[in-house]
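Have a look at the structure below, then the notes.
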Amino acid sequence: MFNYYLKLGWLSIRRNPLLSALMVAAIAVGIGACMTTITVNYLMSGNPIPHKSDQLFYVQLDNWDPNVQSDDPLEPPDQVTYTDAMALIQSAPAFRQVASNRSGLVLEPGDEDELPFNVQSRNTFADFFPMFDLPFLYGSGWDDDADAAMERVVVLSRETNERVFGGEDSVGRNVRMNGMNFRIVGVLDQWHPVPKFYDLTNGDFNDPEDVFIPFNVAIEYQLPRNGNTNCWKAPDGEGFEGFLNSECVFIQFWAELRTEAEKQEYMSFLDAYAEQQKLLGRFPRPLNNRLSNVVEWMKIQEVVADDAQVMLGLSLLFLLVCLLNTIGLLLAKFLGKSGDIGLRRALGASKPTLFVQHMVESGLIGLAGGVVGLGLAALGLWGVKVLFGDDLEYLVRMDWVMILTGIGLAIASALLASIYPTWRACQVAPAGQLKTQ
Amino acid sequence: MLSMKNISMVYRTDLVETHALREFSLDVDEGDFVSVTGPSGSGKTTFLNIAGLLEQFTSGTYELDGRDVSQLNDTERSKVRNEKIGFIFQGFNLIPDLNLFDNVDVPLRYRGFSAGDRKRRIERVLDMVGLASRMKHLPSQLSGGQQQRVAIARALAGDPRFLLADEPTGNLDSQMAMSVMELISDINRFGTTIIMVTHDPALAELAGRNVHIRDGRVSDIGEDTQIVAAAHG
Amino acid sequence: MELGPIWRALMRNKIGAILIALQIAVTLAIMVNAVSIIQERARLMARPSGLDEHNIFHISSVGFAPDFNERATIEEDLIALRGLPGVVDAFQSNSVPLSDGGWSMGLQTEPGEEIDGTGVAVYFIDEHGLNTYGVNLLAGENFSATDVDWRQRSEHEWPDKTLITRAMAETLFPDDPDGALGKAVYINDDEPITITGIIEQMQAPWNSWSGVERVMLVPQHTLFGATRYIIRTEPGRRDELMPVVEKLLAEREKGRIVRSMRSMDETRMESYRGDDSMIKMLKFTVSLLIAITAMGIVGLASFSVNRRTKQIGTRRALGAPKSAILRYFMAENLIISLVGVALGAALAIGLNMWMVETFSLTRLNAWLLPVAMLLLCLVGQLAVLGPARKAASVPPAVATRTV
């Protein structure tokens, strides 16, 4: 029976090509607009590391000024101090932990003819690579001993390795940065988490860094920082030492805690540590430590831009207008079919049967509208990319979830729009339309 | 009052030339009740459209109240229809979304009467056809006969020079048909000129005068009477 | 004009009218809010930065060689830059307005830890800074060469003097902004710093910051390893001089790389790119929306006219001239549009209130609503013109047809 309905639907669509085309267009435009904004929002809010996002926690300690708010009232600052980061690394009970920040370095390629160029460096600890599941093309990350010994080792991104070594296996070779030699221990494969969840203080959708070096090395050689540094009071001491011992925050801190028990244990440690620091005269504000998993942290940092949400809302309303249009078109179409319907009723079709038949037809139109709409959405996403530039390159890709969502939304919308017109058309009395007047 | 002389109506398409009316002439005086009969395809409808200024004819002259209405433009023709002619259609042609009051009101609005004037006229004619009490009802709530009566009221509301009726009982059962015909006869008795187009000879007999059209011309009624008699045989 | 019967007829056959009215309502709601956002963004983008933007560009210098002498490099770079023909002036700084990265501190009018400072953006300049930016000094004096010293990376003490923007003066001393001149303010809770001049306007690096007009200038060269040079050229010579400067600096000293050369125009464009894109997207959406609604009206009106062909013929037979038929449908559409825009106005306000609440958008401009309502009614009338004219051309003879 369903096949029969499909056939009838197709014939009916064909019989009225202009009207059908208009209906498909009306739905397609609405779906196109919606899927463009839905895709961007979906990717912005997408979980970049779903298989362990609830085991990775961003750590916040409240060392801030009792007299003023840092970003938000009652919110601890969004980074930690050097003192606290080191203390946690030393003693906090976690499966894995990392402190990290960013630097801007200058890489001098071995070749004399090549000009030196700027690279972004992520300064971090050995646990970074297994914690965030970075994929390796060659070699691996470094180990805890290298951190402790402040070895000058480096992991290159795939793109950096391409640029400097032509993509070869460069493990074991050296690369010169800021006048110092670093030994390559690993080369990453393609890695571009969207958003850049591990550092949301410096551009939520930026590219990941070009090189990775041990945090302790960056500190030891006072490599230039490239991130946000916030201080609520001037350092007490002088120079770099004074800075490290100050209340200035400039470090992002993550802990991997596999179970609820581990999380509780860690939280207890944080609280105890904070109490201890209070006794030393630090942490003047009330106890306010935070552990946020990846999704929570992304929400707190408001990764999904307001503008993206506004556009989503507007395009849903836009779809509504398109649907109202579709209802009108369907009414017009079904009026012309009243003869057919009356005949079928006279021949014994019940109202529900006819209702289903015409809903199937609407579903077909919805399907067509969805397909065309996805094409329009692809166009829309390309337009978004052109407007916003390459920053959004990773936010304008359609995956299967989005494609199915688009088709589903189109069919659902078409069915919704056709409920009233179909119901009304089926009210035709069996014999009423059979006379010629 | 009404004088059509040698009216011809030719429909031309690329392939075919149809002569719907040939050299048709008709004079109607004040107070006349004329029936125009003829078989299907004889040109009755064309005559109706021309008499009612619904269509323009190819050649001939048409005078109404001494005024030549042959060459009027669309707006002028509309005005003449509005002021001088009252239509009664086979299918009643009431506007389904309007109640009886608003339906009768339609031609009066184009006339430019004041609101009070219109109200008086509408109430008067609806009363005349016996439907004043149902002024606020919709046509769908009335029987066929009642709907035709409303249509007649609408035709009379503007005090037209003549009524032009097209198969007024065509869509009615015999009982309703009789009552409508009685109404029409009464109206004529009160002095209104009536031109009625019909194919029903029994209906035609109610009129004072009969004009028979065949193949677009006025024909000798004798020829067709035999055929009709044979059909009723 | 038979408004009463038109309305009563509409009431008995509401669906087509409701569909059009709803479309108009939702379109109005979207349109008004979108235009409101566009206006707000355009306003933001139009704010001047206080600089002679068209003739200014900047370039970064990052030292890397172990023997890199930053101080000597900066001194010699500046001499070379200022000596270039076509260059009006140049100086070295930590960041640039609208560049999205920079320093902020807090200044307070009284010393003390417990007092909340006012956030202010900090730029390090020398005695050539004001001239390079083309900024007006409203009161007081520019820094002299002797005022300017050298700041090491982890230094946290500040010079004695500062120049602040008028906006900062107004925030610090709301009752007497002009009196700010000569006063001491406190940085880092209790370190005094004297206001020796007030400049007309300069913007902070962050264009969406509420304090974007609050800037303080301090007389220091920075030795942070990486720095930025800001160069002002004679009018019209910027594009020609940019590659010249890049080459000059790159060749002069090999222990550093030069990168990220941008004109201020480009910097502004980048800074507001998100807003500009939003404006473009909204304009496109609104245009499309109006087009769709107009087409929807054309479609529904055509449908409605077709459905009533018999009725139209009857009216013509009863004496309606073509103009009356045209006016009927135009009037009917106007009534529907009026209902639509009335409903739409309510929706628009509701939507705006919600967006102000949720996204901190600005309230919409009062006059926007009536203009948009008028516009949509006009669009509706234009859209229905075609179908109305088709209706008017229905021949009176339709009334006598029996099929």
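Chains as they are written, first to last, in my numbering: chain Y, 1 to 437; chain C, 438 to 670; chain R, 671 to 1073. In this text, a Cβ means the ideal position worked out from N, Cα and C, and glycines have one as well.
- Residue-level contact check: C:R555 does not touch chain R, since none of the beta carbons of chain R fall below 8 Å from its beta carbon.
- DSSP places R:W677 within a helical segment (H, G or I) once states are collapsed to three.
- Two segments are said to touch when three or more pairs of C-beta atoms, one from each, lie closer than 8 Å; by this definition the segment 390-403 of chain Y does not touch the segment 352-361 of chain Y.
- At a beta-carbon threshold of 7 Å, the residues of chain R lying near C:E492 are A1067, ordered along the chain.
- By the Cβ neighbour-count rule, R:T1028 is exposed, with fewer than 16 other Cβ atoms within 10 Å of its own.
- As the crow flies, the alpha-carbon of R:Y793 is around 6 Å from that of R:V888.
- DSSP, reduced to helix, strand and coil, places R:L1008 within a helical segment of the structure shown.
- Under DSSP, C:Y499 shares a beta bridge with C:M441.
- For the pair C:N540 and C:R586, the CB atoms are not nearer than the 8 Å cut-off.
- Just so you know, the alpha carbons of R:R823 and R:D859 end up roughly 21 Å apart.
- Between the alpha carbons of Y:C322 and Y:F197 lies a distance of about 37 Å.
- Collapsing the DSSP output to three states places R:D759 in a strand.
- For Y:V303, the number of other beta carbons within 10 angstroms of its own is at least 16, and it is reported as buried.
- Here Y:N101 really is in contact with Y:G227; their C-beta atoms are around 5 Å apart, less than 8 Å.
- Following the DSSP letters along the chain, one finds C:L545 inside the alpha helix (DSSP H) bounded by residues 537-548.
- In this structure R:I749 is exposed. Its beta-carbon is surrounded by fewer than 16 other beta-carbon atoms within 10 angstroms.
- By DSSP's assignment, Y:S103 forms a beta bridge with Y:S121, Y:R225.
- Along the segment 671-694 of chain R, going in chain order, the ones with a CB nearer than 9 Å to a CB of chain C are M671, E672, G674, P675, R678, A679, L680, M681, R682, N683.
- Taking Y:R183 as reference, the option from Y:D199, Y:G166, Y:A146 with the minimal CA-CA separation is Y:A146.
- Our two residues, R:F973 and Y:C426, have alpha carbons roughly 19 Å apart in a direct line.
- Within chain Y, G179 have C-beta atoms less than 7 Å from the C-beta of R:P736, given in sequence order.
- Within the segment 81-113 of chain Y, G104, L105, V106, E108 place their CB atoms closer than 8 Å to a CB of chain R, listed in sequence order.
- Taking the CA atoms as reference points, R:V882 sits about 7 Å from R:P875.
- Residue pairing from DSSP places C:F470 in a beta bridge opposite C:I631.
- Shown here, Y:I49 sits in coil according to DSSP, grouped into three states, outside any helix or strand.
- Per DSSP, the continuous beta strand (DSSP E) segment holding R:S731 begins and ends at 726-733.
- For C:A594, the secondary structure class from DSSP, reduced to helix, strand or coil, is coil.
- Each of Y:V386, Y:K233, Y:L316 was checked against the Cα of R:P781, and the nearest Cα belongs to Y:K233.
- Interface annotation, R:G969: in contact with chain Y, CB-CB separation under 8 Å.
- Under the three-state reduction of DSSP, Y:S292 is assigned to strand.
- By the Cβ-count criterion, C:P544 is buried, with 16 or more other Cβ atoms from all chains shown falling within 10 Å of its own Cβ.
- The closest CA to that of R:R907, considering only R:M701, R:A1058, R:V758, is found on R:V758.
- Contact with chain Y is found for R:G966, since one of that chain's Cβ atoms lies less than 8 Å from the residue's Cβ.
- With fewer than 16 neighbouring CB atoms inside 10 Å of its own CB, R:L807 falls in the exposed class.
- Going by beta carbons, Y:G186 and Y:S140 fall inside the 8 Å limit.
- Close CB contacts of Y:N16 within its chain, under the 7 Å cut and outside five residues either way in sequence, are with K333 (chain order).
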